[in-house]
Amino acid sequence: MLLSALREGYGLGALRADALAGLTVAIVALPLSMALAIASGATPAQGLITAIVAGLFISALGGSRFQIGGPTGAFVVVVFGVIAHHGYDGLVLATLVAGGLLVAASLAGVGAWIKYVPDPVVTGFTSGIAVVIAASQIGDVLGLKVHAPADFAPKIAALWNARDTLSPYALALGLICIGVILAFRRWAPRWPAFLIVVAGASLTAALLHLPLDTIGSRFGGVPSSLPMPHVPSFSLEKLQAVLPSAFTIAFLGAIESLLSATVADGLTGTRHRPNAELMGQGIANAASALFGGLPATGAIARTATNIRAGARTPVAGMLHSVFLLAFMLLAAPLAAYAPLAALAAILLVVAWNMAETHRFVILLKGPAGDGVVLVATFVLTVFADLTLAIGVGVILSTLRFMHRMAEAVSIEQRGLEEEAAEALPDRAHLPPGVEVFRFAGPLFFGAASRLEDAFTNTGSKPKAIILRMGGVPFIDATAARLLAAFIRRRRAEGVMVVICGLQPRPAQALSRFGAVEGPFAAERADNFAAANDLILQHQAA
């Protein structure tokens, strides 16, 4: 996308617009990337490294003109879990593998498939992640002295048991920060509320000597340079252990980045290239892992900020990374004064925005099946495992879809007289003992039981059977096998079987099972009238 944008012509005016947009987004991303890293169980420096390195590659190599990449809330849960169970080395390995999976998905053309993930699944795990993020920030916003575990229920129990350590200073500062952020969003939405809140909270805490935990007191500050890239050491056992997490990171990265690119398309009237976007995401995650960063993906809020700030090309996203690097090189010591309560307040606002309560409620009020998928995905995300939640959500949605498709399949069994009254009104005398099956809709394994029921209930042996299949666009292997077995059985009994109106794709499927070719195959006719003529000719002979 970068090369396409540059080929269109790139002048000083475009550079000026992109530089201003990049600076605006960098100001937003600076506190947010550190806050997201802390919430993920990592260090603020690793969040900045991710925004700098991955953000650069996502903009330079991705398939969206306006995409801004970096750490996002969607990864908080899975990153926290991987670090807790496999250490930071395990996270680096999982991110590296996820990058390779995204590149492979791009080469396989999977980018166009992501749109088929159902909305209840996306909303369910997004809302679940929001709840987990909010729970992870309760300790810092209340100033609790606690080391909470990764799992949701034990975490809440640990926070409750540590309630006596509550810090009124942290609570007051956190509530003020939330109020200020909401006020800026209401009356000055273009101002960098997150950066203003962190700067103001840092200045207040330093001047008043408030007893608060800060980035410096907990993490020792932020380094003022990027580390050298290095390949992590790993074993086959470790690779197997982190592989499920790598698949989760790749899936979330693909979903989030393509959703963000779609939002950008809606705001600008452009079109992104999904497979190129996955390629850029894969390379960016691999690069982030090599530099000691975190998983990254397209960030919807930062991408929208980039667009509103006047960005014209992917250069704006690349400059956002350059500005973040400049902040790290020149102002890293100041980050040590940032209170963790202020960063927690930022993430509580981010979690509320992620929850999308309005969409959650709308889906709950919709069809019952969508509500079941939504609630199941949400509950499993919060209380179990994100990988399990996504898997169960997609499986439930797929089963529901198959059930609805099977219900949409029409299979009618009619006598020839009934059929002739509709299709052959000019014929008064027709042979008795002819059964007609009329099919409509795709025949697949979900409709197999209906096929078996229809064929079982044919009653006494007819003299001939007409299968009207003009309304069948697709037949899968299961349905083709059942239909072929029915035809062979009837032909072995001496019953004539005629298929009429068969389309090319279903014909190919049936031919593999000998239904339209071979000694026990059915006769073929172009339409119902031709099928009736075949039966008359056969009986006359």
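Using this note's numbering, the letters of the sequence shown map in sequence onto residues 2 to 542. For glycine and all other residues, C-beta sits at the position ideal for the given N, C-alpha and C.
- Of the candidates R66, C178, I157, the residue whose Cα lies closest to the Cα of L349 is C178.
- Looking only at R17, I250, L16, L49, the smallest Cα-Cα distance to V77 is reached by I250.
- With the rule of 3 Cβ pairs closer than 8 Å, the region 288 to 295 counts as touching the region 53 to 60.
- For F126, the secondary structure class from DSSP, reduced to helix, strand or coil, is helix.
- E494 carries a coil assignment under DSSP once its states are collapsed to helix, strand and coil.
- At a Cβ-Cβ threshold of 7 Å, G447 and M403 count as neighbours.
- Between the beta-carbon of M497 and that of E524 there is about 7 Å, and that keeps the pair under the 8 Å contact cut.
- Between L108 and I284, the C-beta gap is not smaller than 7 Å, which leaves the two residues out of contact.
- Residue state for F292 is assigned as coil, using DSSP reduced to three classes.
- Using a 10 angstroms sphere on the CB of V232, the tally of other CB atoms stays under 16, which defines it as exposed.
- Under the DSSP definition of a beta bridge, I500 partners with L468, R525.
- Shown here, P340 sits in a strand according to DSSP, grouped into three states.
- Ranked by Cα distance from N528, the first of G519, I500, R506 is I500.
- When C-alpha distances from S5 are compared across L49, F67, A390, I39, the shortest belongs to F67.
- Fully contained in the region 35 to 86 are the following alpha helix (DSSP H) runs of length 4 or more, in chain order: 45 to 62.
- Secondary structure note for A385: it is in no beta strand (DSSP E), with a DSSP letter that is neither H nor E.
- For V437, the enclosing beta strand (DSSP E) stretches over residues 435 to 441.
- In the structure shown, E9 adopts coil according to DSSP, grouped into three states.
- Cβ neighbours of L213 within its own chain (closer than 8 Å, five residues either side excluded): G144, S168, Y170, A171, L174, A206, P340, L341, A342.
- Three or more pairs of CB atoms, one per stretch, sit closer than 8 Å, so the region 272 to 287 contacts the region 90 to 107.
- Pairing V29 with G112, the inter-Cα distance amounts to about 29 Å.
- Inter-segment contact for the region 86 to 97 and the region 323 to 338 is absent: fewer than three beta-carbon pairs are separated by less than 8 Å.
- In the three-state reduction of the DSSP assignment, L444 falls in the strand class.
- The beta carbon of P45 sits closer than 7 Å to those of M35, A38, I39, I216, F220, V223, A336, all from its chain and outside the five residues before and after it, given in chain order.
- The alpha-carbon of A305 is positioned some 8 Å away from that of V264.
- Per DSSP, V111 lies in no alpha helix (DSSP H) segment and is marked neither H nor E.
- Bounds of the alpha helix (DSSP H) holding P507 are 505 to 513.
- Under the 8 Å Cβ criterion, the region 365 to 379 does not count as touching the region 90 to 97, having fewer than three qualifying pairs.
- Annotated three-state conformation of G370 is helix, per DSSP.
- Residues of the same chain with a CB within less than 6 Å of the CB of F81, apart from the 5 flanking positions on each side, are S41, G42, A151 in chain order.
- Boundaries of the alpha helix (DSSP H) around G254: 237 to 269.
- Contact between L259 and I301 does not hold, since the beta-carbon distance rounds to 11 Å and is not under 8 Å.
- For the region 147 to 182, the full-length alpha helix (DSSP H) segments reaching 4 residues or more read 153 to 162 along the chain.
- Here the alpha carbons of L21 and V316 stand approximately 11 Å from one another.
- In the DSSP assignment, no residue is bridged to S225.
- S234 sits in coil when the DSSP states are folded into three classes, being neither helix nor strand.
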